[in-house]
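Each step along the sequence shown adds one to the number in the working numbering, with nothing skipped, and position 1040 is 1043. The beta-carbon is built from N, C-alpha and C at its ideal position, and this holds for glycine as well. Notes for the one structure printed next.
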Amino acid sequence: MSLLRLRAALLGPARLRGAGIPWSVLRTYSSASAKEKARRNAICERTELLEVLKARVKQLQASNVPEMMVNKVDLAPLGNDKYQDLLEKVVAPGPAEEQLTPRGRGESPARPRNWVEKSKEEMYIRQLKVERKLSIAASRLALEGQAKAKRKDKAKAKAKAKKRLKKPEAKVAAAQSHAGSHNVYAHSKPKVVAVKEAAKAQRPQGVLKNKDSSQHKVLQQTIQSNLECFLFLQQPEEAERFLLLYHRSPVKRRLLNANAYNIVMRIWARKGCLQRVNRLFSMMESVGLQPSLDSYAAVLECMGRNQSCTKAIQRCMQQLKNDGFHVDELFQKCLFEEDEKEKVLRAIRIVQPNYQLPPPPSPQTCKSYLLQDFYSKEKMVSYPKLDFSVQELQERFQQQLEMELNNTITIESVESTKPLTPQAIKARKLLTTLRSRWHDSILQALQKSKHSMSKLKTVSGYNILYPYLCLLPDEEYVGIMLQILNTLSPQGESLAVLARELGSKVYNRYITQRKLRSRQLEKPDEYLPREYWEKLVAEAGFGPSLNLKDCSWPYMLIMRLGMHMLELLVHAVKVPRNALNPHLEHKLIPVLYHVYSFRSSWQIGLIKPHPIFSQIVSDAAETLLTFNSSAMPMLCPPVPWTSPHFGAFVLNDTKLMRFVDGAIQHQLLLDQCPPVNLHPVLDALNQLGNCAWKINQPVLDIIISIFNDKGNEKLDIPPPISEAPRPPAIPSNYSTMNKSQKHELLLYKKKTAEMHSLRMDALYKLSIANYVRDKVFWFPHNMDFRGRTYPCPPYFNHLGNDVTRAILLFAEGKPLGPKGLDWLKIHLINLTGLKKRNALQERLEYANEIMEEILDSADHPLTGRKWWMNTDEPWQALACCMEIAKASRSPDPAAYISHFPVHQDGSCNGLQHYAALGRDLIGAISVNLMPCDVPQDVYSAVAQQVEEFRKKDAEQGVKIAQVLQGFISRKVVKQTVMTVVYGVTRYGGRLQMEKRLKEIDEFPEEYLWEASHYLVKQVFNGIKEMFSATRDIQNWLTESAKLIAQSGQTVEWVTPLGLPIVQPYYRSKSTVLNCSMQHLSVKSSNSNQKPDTVKQKNAFPPNFIHSLDSTHMMLTALHCLRQGMTFVSVHDCYWTHALTVDIMNQICRQQFVALHSEKILQDLSNFMLEKYCRSGRETRAPWQKKLMEQLSNVPKTGKFNLKKVMDSTYFFS
């Protein structure tokens, strides 16, 4: 995906931490390593002495070498000095390496000294003994039917083996702690972690004891996703064989639930094998599992296919009733694919010929007090609003469907296409030839890998992956791998990112194929509100369900699949050594190689392209960009969100809630939530996604012209790499460079990487905008775990920067009306940042005064006086100038049809919510909750307060207070004031202050630390004095979260709109993914681990406020929908047409008052007391008593009258 190139350049090698694994755990090998040598060394190096490796890391850090080759790659000279230098830098060892392993002329650079070898051998032998004992213990454990006494003996044997495992580590780090290996493991990351993981895999009792744990659910999910693969591939024998591996083991059987048996029953049911289905049904009952509705659906489906005898069907239906189910529930609660529903109905009608499908359940209505008016009204605004005919909608649907079926889309880049040079023609031909060869070699490697996997008799190792490599045609896997290769940046990318991309691409295509096969596309394709959509689906009756049965893959599985594909890619793709220099020997060398980048004591594996490949790609100067279809705006209105599993794109899999990779607690919470409680959130997301957009073509054309003419950093249009500063002079021998030269080189590399990143980001955005320049398009939305909403397409959307926002217009136009032109002018002045402290009328008068400048900017943007260029948001200002010019020159400005979005911004919105929660009068005035003639500026107020503190201290002779005279301004304190509400610490605030003071040339540098330390203290004091209720609430939230986390639980709450929220902060635990290229340490975050107390308590206040600001935005969106208005938001910045700004402002204020009229803090207290301190217990733990006392002590509120917000002009303005 194109994202890879951008992310690699943005972060740079030293910043890619995603797949970090401590240097002390292992060293791994490049694609050039011999197989046997790699296997042998992987075991040896894993047990290398900790001190040796720590010393090596320190030396590498001291020498500022950001990367190190694992094995020296065969690098071909390119016949070009520029690239020759690059090659030398890549392979040249740094001084640290030479100091560590001094060698003679004939020694290999990678050869260690004898004492290191001996110590490694000793540790290797010891390791083998441990592994042998673990293996014996694990194999004994796997035997079935052993007596309890024997099990206890084995537990002792395991405990002894565990102690032996810890001994080598404890010897190395004995000085650290007498407590032994726990502390050692916590700080130094054990070298034998891979062996421990293998041992744990063989002994799952601990996991299986807690069937509600996240880890247990992940293991169940892994089993079920394997069985789902066999279902998709229609391989019932393989599915049953896999199920029996677990069913026959008393230990492993605990991982099976009814769903696992149901999946295999469904496969046999499709084949019509009733005997096999009945056998599985009996097996499930024999192990004490209760058959579910899906179990009976599978049996009846099979009977319907066979048209079984009446008696057999009657017995089945009688048993269904005996288990407490009703026949109607089969059609109300089960999810069907293909013709499953029809076959179940056929079976039922054999015994009940007149049976009719149950009527659709009457739609439930959300009972939220905040939305009782919204859901009580019967009349609904038409949706979508644009006047499309049914035929036009169907055509748009077909275009979107074709794009999603293709999975990717290739578009023309906006970069100016220069005349093709002979060099470019030659490079393109060479690249075409190489890609054809790579296609064949990857295909061959994939087929060979699958063949060897299919020969394995046991489900172990990579054989687990075999069904996942059969889900798609081989050509599709090859296409995915080649897409990754084509988008890999010259800076490289981390293994973790590439593995995740590869695995996710396979998963997304599998979901697409499942939806196609289940015949979902035969369902209605008109995109209407959630309620009408649900009605249409219910009335459709027959056919597949719109929701697929849950078939998501665990994160570790996606990573393992991705790593396997990456290894195939690295080993299969080669380039001739003499591709660019025919005088060299013809020899194939790897296109991709494996290097490490260091960060602290962590090493991060990177895959980098060979400079030969990067040079060929650069010379070819291809002008096509390939994106995933999910990265593009939709060409038809989005599918309405009707549940956490269904909505947004037609086929692409989209999550309702964004969360960290591997986390499942958010999804579990959503699934447990009654569907009706989620209706307000779903409807708000549908309203936001239903806004149709189009491109502002004149502005886009100006931006593209500057982009192709070396860019303009002042106007936020990044220049090309050719405009980068010249590289510093580098001596021929890299190892002779001094520290300052190395530092200069690193700064140069960082600058070029940043330029590349920014250029690619702009290129993607502008190219996508250019692709949809003549189209109407939509942005489907989802949300993060706090309820904040985001467009799903990641590159081009209205949450982007000034450039992106300037080229977006509403597709729906509305007349300006009597006040519309005035709102456009006020909006323009807001964009300039010139009159922030002035009243709206003064801003309007100023706009009228500078009308000549506005019209000149509109008519001659690049050749006139260029007034628009000196504003805060120049491109949006230019677009607004053009709109004002058109409207003012039209015969009747009030009738002018405008598509332009006008923004209304909250005034320090986080503090507004705090002031409203605490009814804080002084705070309310500072953040414009109270009506005032001119806008109040909280930042200036805090700066003034800090200045008063400074004066007092200066008079008392405090040196730093005297130094700061004349330097305290609104700009210096703004960022800290803005972020204090979102949980910034004094440490973070000090860094912000230091950065602002550095920007002042006159400020003495030697006082930076002391001044920033003093200022952050005074800012916090100023806020505490001005917003006393705010600090009380913040402290109450923080202390409550701290006590909850210390009790071993995560902080949960429910927003006033009914959205359940859980904070996903746990003490991270790394799982080692054993792969031949590199053992990947993947951090997992699940509810088995203890909560991270510091993160839980520090994040709760800002997350809670974010959940309130998202609630306010959603309430505003829903009530704007009622008024038939266009509404979108960028968090606390609301957009609508100039005509409807006044209506939106009124709704915005009404909903803020309604929201804060609820007893939000008291409701939160009640919810947490119920969840964490349930009554009914005779005795309570001390922590519970303390938590009860804390939660019950809700902060007292002030005397601010909330209804004053209704009359506050500058609340949002």
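For residue i, three-class secondary structure by DSSP
i     : result
K839  : coil
I1146 : helix
E415  : strand
D719  : coil
I1026 : helix
V1156 : helix
T225  : helix
A695  : strand
P643  : strand
T1200 : coil
P579  : strand
P1067 : coil
E1161 : coil
L168  : With a pLDDT of only 37 at L168, under 50, the local geometry of the prediction cannot be trusted, and no value is derived from it.
E625  : coil
Y689  : Note on residue identity: the sequence assigns Asn, not Tyr, to residue 689. Note: N689 maps to helix in three-state DSSP.
E398  : helix
T792  : strand
V663  : coil
N833  : helix
Y480  : helix
Below-9 Å beta-carbon distance, residue i vs any chain B residue
i    : result
I610 : The structure shown contains no chain B; it is built from a single protein chain.
Same chain, Cβ closer than 7 Å to residue i, five either side skipped, listed in chain order
i     : result
K1199 : none
Q1037 : P1104
Q915  : G909, V930, L932
G986  : N1101, A1102, P1104, P1105
R256  : Y249, H250, V290
Residue i Cβ short of 8 Å to the ligand ZN heavy atom set
i     : result
K1207 : What this structure holds is no ligand at all, so the ligand ZN is not there to describe.
Option in the options with minimal Cα separation from residue i
i     : options                   : result
R789  : N804, R661, E625, D862    : R661
L688  : Q1126, Q237, S1168, M1117 : M1117
C694  : Q227, N1196, V1131        : V1131
A888  : Q700, H863, V663, F1155   : H863
A1120 : R1152, L1142, M406, G714  : R1152
N680  : V1057, Q310, C369         : C369
E243  : N260, K220, R257, I270    : I270
C554  : D1095, Y471, F1006, P1007 : Y471
Y1213 : L812, H906, P877          : H906
P585  : G608, P677, Y599, I615    : I615
F339  : K518, Y798, C1078         : K518
N325  : Q293, R349, K314          : Q293
Y1069 : D895, Q1052, S1079, C884  : Q1052
S600  : L994, I706, L1060, E496   : E496
Whole-number beta carbon distance between residue j and residue i, since they are thought to touch under 8 Å
i    : j    : result
G692 : W781 : 6 Å
Own chain residues within Cβ distance below 8 Å of residue i, not counting five before or after
i     : result
L1076 : M559, M562, R563, M566, H1082, L1083, S1084, V1085
P1185 : none
V1022 : V945, V949, V976, T979, V980, V983, G992, M996
S1168 : L1194, S1195, V1197
Q486  : M4, T411, K508, T629
G107  : Bear in mind that the predicted position of G107 carries a pLDDT of just 37, short of 50, making it unreliable; the figure below should be weighed with that in mind. If we look at G107 and ignore the five residues flanking it on each side, it has no Cβ neighbours.
6 Å Cβ shell around residue i - same chain, five flanking residues per side excluded
i    : result
W441 : V576
K590 : R580
I351 : Y358
V779 : A695, K697, A814
* To do: Starting from the N-terminal side, write out each stretch of the alpha helix (DSSP H) that is 4 residues or longer and does not extend beyond the segment 870–933.
  => The DSSP assignment places 877–892, 912–920, 924–929 as complete runs of the alpha helix (DSSP H) inside the segment 870–933, in order along the chain (cut-off: 4 residues).
Q) At what residue ranges does the segment 239–283 contain a whole run of the alpha helix (DSSP H), taking only runs of 4 or more? A) DSSP runs (the alpha helix (DSSP H)) wholly in the segment 239–283: 239–250, 261–274.
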